[in-house]
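Peer 1: Below you will find the structure I want to go over with you.
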Amino acid sequence: MTGPTARCQGPRGPRLPAPRRHVLARHLLAALLALGTGAPAWAQTEPETKPAAAPPSALDAPLFYQLLIGELELRDGRPGNAYQVILDAARRQADDALFQRAVDIALQARAGDQALAAVKAWREARPQSTAAMRHEVQILLALNRGQDLAEPLTAWLAVAPLLERPGLIASLPQLLQRLADKQQALALAGKVLTPWLDDPGTRTAARVALGRAHLLAALPTQALGLARAAQADDAAAPAPALLALDMLPATPAAEALVTAYLARPDAEPAVRLAYVRSLAQSQRYADASRQLEQLTRDKPDLPEPWLTLGALRLELKLPKEAEAALLRYVELAGSAPPPAAVAAANAAGAATGSTASDTEDDDDGPSSSAETGGQRDLTQAWLLLAQAAEQRGDLKAAETWLAKIENPQRLLEVQARRAGLLARQGKIKEARALVQAVPERTGDDARAKLMAEAQLLRDVKRWTDAAAVLGAAAQRFPEDTELIYEQAMVEEKLDRLAEMERLLRRVIALKPDHPHAHNALGYSLADRGVRLPEARVLIQRALELSPGDPFITDSLGWVEFRLGNRDEALRLLRQAYSARPDTEIAAHLGEVLWASGQRDEARRIWQDARGRDAGNEVLRETLARLKVGL
Numbered sequence: 014m015t016g017p018t019a020r021c022q023g024p025r026g027p028r029l030p031a032p033r034r035h036v037l038a039r040h041l042l043a044a045l046l047a048l049g050t051g052a053p054a055w056a057q058t059e060p061e062t063k064p065a066a067a068p069p070s071a072l073d074a075p076l077f078y079q080l081l082i083g084e085l086e087l088r089d090g091r092p093g094n095a096y097q098v099i100l101d102a103a104r105r106q107a108d109d110a111l112f113q114r115a116v117d118i119a120l121q122a123r124a125g126d127q128a129l130a131a132v133k134a135w136r137e138a139r140p141q142s143t144a145a146m147r148h149e150v151q152i153l154l155a156l157n158r159g160q161d162l163a164e165p166l167t168a169w170l171a172v173a174p175l176l177e178r179p180g181l182i183a184s185l186p187q188l189l190q191r192l193a194d195k196q197q198a199l200a201l202a203g204k205v206l207t208p209w210l211d212d213p214g215t216r217t218a219a220r221v222a223l224g225r226a227h228l229l230a231a232l233p234t235q236a237l238g239l240a241r242a243a244q245a246d247d248a249a250a251p252a253p254a255l256l257a258l259d260m261l262p263a264t265p266a267a268e269a270l271v272t273a274y275l276a277r278p279d280a281e282p283a284v285r286l287a288y289v290r291s292l293a294q295s296q297r298y299a300d301a302s303r304q305l306e307q308l309t310r311d312k313p314d315l316p317e318p319w320l321t322l323g324a325l326r327l328e329l330k331l332p333k334e335a336e337a338a339l340l341r342y343v344e345l346a347g348s349a350p351p352p353a354a355v356a357a358a359n360a361a362g363a364a365t366g367s368t369a370s371d372t373e374d375d376d377d378g379p380s381s382s383a384e385t386g387g388q389r390d391l392t393q394a395w396l397l398l399a400q401a402a403e404q405r406g407d408l409k410a411a412e413t414w415l416a417k418i419e420n421p422q423r424l425l426e427v428q429a430r431r432a433g434l435l436a437r438q439g440k441i442k443e444a445r446a447l448v449q450a451v452p453e454r455t456g457d458d459a460r461a462k463l464m465a466e467a468q469l470l471r472d473v474k475r476w477t478d479a480a481a482v483l484g485a486a487a488q489r490f491p492e493d494t495e496l497i498y499e500q501a502m503v504e505e506k507l508d509r510l511a512e513m514e515r516l517l518r519r520v521i522a523l524k525p526d527h528p529h530a531h532n533a534l535g536y537s538l539a540d541r542g543v544r545l546p547e548a549r550v551l552i553q554r555a556l557e558l559s560p561g562d563p564f565i566t567d568s569l570g571w572v573e574f575r576l577g578n579r580d581e582a583l584r585l586l587r588q589a590y591s592a593r594p595d596t597e598i599a600a601h602l603g604e605v606l607w608a609s610g611q612r613d614e615a616r617r618i619w620q621d622a623r624g625r626d627a628g629n630e631v632l633r634e635t636l637a638r639l640k641v642g643l
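The numbering used here puts the first residue of the sequence shown at 14, with every later residue one more than the last.
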């Protein structure tokens, strides 16, 4: 990294006309006023601490002239000279703001070594300055000089105020993850944090931080041990549970720490929401819904849980219950639904005892192209309400919700949903035209349109047309693994199994860590009862790539059933169905129960599944093949 010119030309300057001098003086004074408030080039993650009071520095004539020269040098494109002049002034005055200015000049010139030299001079002049220590740590991290970090980190923790020290300790893993060598980061964390592991005020934070450092170094067993020790030390602290959450789903034993914390009456809602996100990412939608139901009982006026609960209930094909949750979100978000949709939702929600508000809606929705977070969430709620109405068969109510969305950035989502409504009415040509007419600004837009059109055709079982669209998309984006994967799934529906296998193997070749390609290929083999050992290996690999995924667990249970291992098959299928009571998983679980002589339980599971999704092909085929009437 090259530094600025080290040469300083001393206190000289050109003779300037008076007007220009006045202009420069104004700029200089503005810069000086801003020095104390300017932030470094790097973002701060740790709590800010107040620097010790600096000696008073009067802006006398010599100092003013020296600073003026420095700023003129910078203005004229000589940052090296400016740096030397400002740093000299900082040393003379022992002034935090001037040291900050010297550091900023070096950073703007991408001169890391000079920035570090300025910080070291700063610390010599102001040994208790936490700002100087923070800057030294940040610069060393940017230079990837982990071997030099122990001293400033140790000093920083030592001078941090008592109440701020736990927060600073908690921020260390986030800082250290920037180091390329994670083992070095772990060793550094151990060295810096060890003195604080026995301090009553910091030991919980220190154990959690050290646990995170172990997790960064791919040592989950040690991280789990530290999380357990931290929770045993302070059961009310949320940090050990949050550390445990970051270990899921790869370390299932960590979940006990999360549930233990959430069993407390004083558990933070944010931890439960984080747990919900983790469960949803693992497709454990039933478990996620139960957590959200608990949260909405405990904190009924929090809007966000209602939105997430509505989305999850839709995934579970519970449209009435989803609408009730989503309407509650809309109410809390400050926007009442349109009267027609309210009436429809009230009628639909009568079975659950939940109805919408009868308030008139004066808000036409967000109209700007850039949504705020609240607008984005409200738009998502309207889209989900449209989907729920569609699931109930109320296409008019679905269109009412879609009509509220005016943001052009969401146009494809809205038109794709409208196209789905047209397709349900048999208007396939009009539906496709609606999607095709959405403007394309980028290649991503074009890809998204092709995917939306293909999904539309898949929903109405136009497999040949869907294959044609995806084939054209794959030609345009030949190495897009998601497009190739979707193409393979359509080929399977067309019974072109050799082509499906070829495409799935291409996905795996392009992206070896694609869990769904491994799972789809393994499941296809298992379902046909061919090459079962290979099927098991493929599905096991998929489960390694996506631990806890209920659909992959279902696939593994199915291949074990095909191999004759009924007990293991039942264990896996029960696990999958408990995590996500999906209709296809229910079909498989019911069949294994039926074959094992547990026919009453099989009937019960099939009946529940049919109540949610009576048209599911896998369930219908299973019942027909086994000659079971429900």
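Quick reminder that beta carbons are idealized off the backbone N, C-alpha and C, glycines included.
Nothing here was measured: the structure is a model prediction, and the numbers come from that model.
Measure the C-alpha to C-alpha separation of VAL427 and SER291 and round it to an integer number of angstroms.
Peer 2: Rounded to whole angstroms, the separation of the alpha carbons of SER291 and VAL427 is 28 Å.
Peer 1: How is THR215 classed by DSSP in three states: helix, strand or coil?
Peer 2: coil
Peer 1: Extract the residue ranges of the alpha helix (DSSP H) inside the segment 249–279, only unbroken runs of 4 or more that lie entirely within it.
Peer 2: Annotation note: the segment 249–279 contains the following uninterrupted alpha helix (DSSP H) runs of length 4 or greater, listed N- to C-terminal: 252–258 and 268–275.
Peer 1: Please tell me whether LEU424 and VAL448 are closer than 8 Å, where the distance is taken between their beta carbons.
Peer 2: no
Peer 1: Nearest to ALA257 by alpha carbon, out of LYS195, ASP279 and ARG220?
Peer 2: ARG220
Peer 1: Please report the straight-line C-alpha distance between ARG625 and GLU336, rounded to a whole angstrom.
Peer 2: 15 Å
Peer 1: Helix, strand or coil: which one does DSSP assign to GLY542?
Peer 2: Here DSSP, grouped into helix, strand and coil, assigns GLY542 to coil.
Peer 1: Could you give the uninterrupted runs of the alpha helix (DSSP H) lying entirely in the segment 468–506, keeping only those of 4 residues or more?
Peer 2: As summarised for the segment 468–506, the continuous alpha helix (DSSP H) elements at least 4 residues long and confined to that stretch are 476–489 and 494–506, given in chain order.
Peer 1: So, at 8 Å on beta carbons, what are the nonlocal neighbours of LEU182 in its own chain, with the 5 sequence-adjacent residues on each side left out?
Peer 2: One detail in the question is off: residue 182 reads as Ile in this sequence, not Leu. LEU170, LEU206, TRP209, THR215, ALA218, ALA219 and ALA222, listed in sequence order.
Peer 1: Give the C-beta separation of VAL116 and VAL132 to the nearest angstrom, bearing in mind that I take them to be a contact with Cβ-Cβ under 8 Å.
Peer 2: In this structure VAL116 is in contact with VAL132, their Cβ atoms being roughly 6 Å apart against a cut-off of 8 Å.
Peer 1: Let me know the secondary structure DSSP gives VAL172 once reduced to three states.
Peer 2: In the three-state DSSP reduction, VAL172 falls in the helix class (H, G or I).
Peer 1: Please list, in chain order, all residues of the same chain as TRP476 whose beta carbon is under 8 Å from its beta carbon, the five residues on each side excluded.
Peer 2: LEU470, VAL503, LYS506 and LEU507
Peer 1: Can you give me the C-alpha to C-alpha distance between ALA402 and GLN294, rounded to a whole angstrom?
Peer 2: Cα to Cα, the separation comes out at about 25 Å.
Peer 1: Hey, how far is the Cα of PRO491 from the Cα of TYR342?
Peer 2: When the Cα atoms are used, PRO491 and TYR342 turn out to be separated by approximately 42 Å.
Peer 1: Please tell me whether LEU308 and GLY323 are closer than 8 Å, where the distance is taken between their beta carbons.
Peer 2: no
Peer 1: Determine the burial state of ALA240: buried for a count of at least 16 other Cβ atoms within 10 Å of its Cβ, exposed for fewer.
Peer 2: buried
Peer 1: Beta carbon of LEU516, beta carbon of ALA501: below 8 Å?
Peer 2: It is a contact, given that the beta carbons lie within the stated cut-off.
Peer 1: Using a Cβ-Cβ cut-off of 7 Å (strictly less than) and excluding sequence neighbours within five positions of TYR590, which residues of its own chain qualify?
Peer 2: So the qualifying residues of the chain are ILE598, ALA599 and LEU602.
Peer 1: Alpha carbon to alpha carbon, how far is GLU268 from LEU229?
Peer 2: 19 Å
Peer 1: Return yes when the Cβ of VAL284 is within less than 8 Å of the Cβ of ALA301, no when it is not.
Peer 2: no
Peer 1: In the DSSP assignment, find the unbroken alpha helix (DSSP H) run with ILE418 in it and report its ends.
Peer 2: ILE418 -> no alpha helix (DSSP H), and no H or E assigned at all.
Peer 1: In whole angstroms, give me the CA-to-CA distance for ILE118 and ILE82.
Peer 2: 14 Å
Peer 1: Considering only C-alpha positions, which residue in the set GLN620, GLY628, ARG191 and TRP619 is nearest to GLN404?
Peer 2: GLY628
Peer 1: In whole angstroms, what separates the C-alpha of LEU199 from that of GLU581?
Peer 2: 40 Å
Peer 1: Is the CB-CB distance between ALA134 and ARG158 below 8 Å?
Peer 2: no
Peer 1: Starting from GLY603 and walking both ways along the alpha helix (DSSP H), at which residues does that stretch end?
Peer 2: 596–608
Peer 1: How about LEU434 and ALA411: do their beta carbons lie closer than 8 Å?
Peer 2: Between LEU434 and ALA411, the C-beta gap is smaller than 8 Å, which places the two residues in contact.
Peer 1: Taking the alpha-carbon of LEU545 as reference, which of ASN578, ARG633, ALA287 and LEU188 has the nearest alpha-carbon?
Peer 2: ASN578
Peer 1: Classify ALA486 as buried or exposed, calling it buried when 16 or more other Cβ atoms lie within 10 Å of its own Cβ.
Peer 2: buried
Peer 1: Could you check if PRO313 is buried or exposed, using at least 16 other CB atoms within 10 Å of its CB as the buried criterion?
Peer 2: exposed
Peer 1: Given a threshold of 16 other Cβ atoms within 10 Å of its Cβ, counted over all protein chains shown, does GLN127 qualify as buried or as exposed?
Peer 2: buried
Peer 1: Do ARG297 and PRO560 have their beta-carbon atoms positioned less than 8 Å apart in this structure?
Peer 2: no
Peer 1: Compute the minimum distance between the beta carbon of PHE490 and the heavy atoms of the ligand PLP, and state whether it is under 7 Å.
Peer 2: Annotation note on the ligand PLP: not contained in the displayed structure, which lists no ligands.
Peer 1: Within a Cβ cutoff of 7 Å, which residues of the same chain sit near ARG34, ignoring the five residues on either side of it in sequence?
Peer 2: Low confidence applies here, because ARG34 scores a pLDDT of 35, under 50, leaving its location unreliable; read the following figure in that light. Once the five neighbours on either side are set aside, ARG34 has no close Cβ partner at all.
Peer 1: What is the DSSP secondary structure of ASP109, reduced to helix, strand or coil?
Peer 2: helix
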